[in-house]
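Peer 1:
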Amino acid sequence: MAIVRCPSCTKRTSDQQQQCPHCGSTLNLDDADVGERRRFLKDQLYRYRMGGHVSVTVMVLAIIIWWIPTNGQLSNIPLWLKVALAAGVLGQGYCRYHIFRFKRLLKALTDNDKAG
Ligand SMILES: [Zn+2]
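Going by our numbering, the first residue of the sequence shown is number 71, and it counts up by one from there.
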């Protein structure tokens, strides 16, 4: 008997269980399922990394476009810049959160491979 991580919720459980006692998802994935899930997780990671880059680019471009003509006068921040900055910060947080989450799920799959 070995301790494995649930591929859905990443909590520890026994490999003798058919279903995760924490979230109820199926534990005994065969190799094809694991491969498919790993591809899915890597795709998701790639998407959210791209999203992270886009949100940083939006923030930087907004600041540059605003900074050059106004010479950085802080009293004079236009609404569109505030919106762009807020969108960039929120987008960044959103993508960071999902990158963290999918990395954990991917690590759970990899750890199970080593254990089994
Ligand atoms: Zn679970």
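Where is the CB? At the ideal position from N, CA and C, for every residue including glycine.
Here the structure is a predicted model, which means the values were calculated and not measured.
Please report the straight-line C-alpha distance between L175 and S95, rounded to a whole angstrom.
Peer 2: As a working mapping, residue 175 is identified with position 105 in the sequence shown. As a working mapping, residue 95 is identified with position 25 in the sequence shown. So the alpha carbons of these two residues sit roughly 13 Å apart.
Peer 1: Under 8 Å between C-beta atoms, does Y164 make it to chain B?
Peer 2: The structure shown contains no chain B; it is built from a single protein chain.
Peer 1: Expressed to the nearest angstrom, what Euclidean distance is found between the alpha-carbon atoms of Q89 and R75?
Peer 2: Reading the sequence shown from its first residue, position 19 is the one you call residue 89. Reading the sequence shown from its first residue, position 5 is the one you call residue 75. Distance between the alpha carbons of Q89 and R75: 12 Å.
Peer 1: Which residues have their C-beta within less than 5 Å of a heavy atom of ligand 1, listed in chain order?
Peer 2: Qualifying residues come out as C76, S78, C79, C90, H92, C93.
Peer 1: So what does DSSP say about I138, is it helix, strand or coil?
Peer 2: Looking up residue 138 in the sequence shown gives position 68. Helix at I138.
Peer 1: What would DSSP say about Q88, mapped onto helix, strand or coil?
Peer 2: To locate residue 88, count along the sequence shown from 1; it is residue 18. Coil.
Peer 1: With V104 and L155 assumed to form a contact (beta carbons below 8 Å), what rounded beta-carbon distance in angstroms separates them?
Peer 2: Start at 1 with the first residue of the sequence shown, and residue 104 comes out as number 34. Start at 1 with the first residue of the sequence shown, and residue 155 comes out as number 85. Actually they are not in contact, since the Cβ atoms of V104 and L155 sit about 41 Å apart, beyond 8 Å.
Peer 1: Using 10 angstroms around the beta-carbon of C93, count the other beta-carbons present and answer buried if the total reaches 16, otherwise exposed.
Peer 2: Within the sequence shown, residue 93 is the residue found at index 23, counting from 1. Per the 10 Å Cβ criterion, exposed.
Peer 1: Starting from the C-beta of H168, find all residues in its chain whose C-beta is less than 6 Å away, skip the five residues before and the five after it, and write them out in chain order.
Peer 2: On the sequence shown, residue 168 is found 98 positions in, with the first residue counted as 1. Cβ within range, chain order: Y118.
Peer 1: Indicate the three-state DSSP secondary structure (helix, strand or coil) for I147 in the structure shown.
Peer 2: Your numbering for residue 147 matches position 77 in the sequence shown. I147 falls in the coil class under three-state DSSP.
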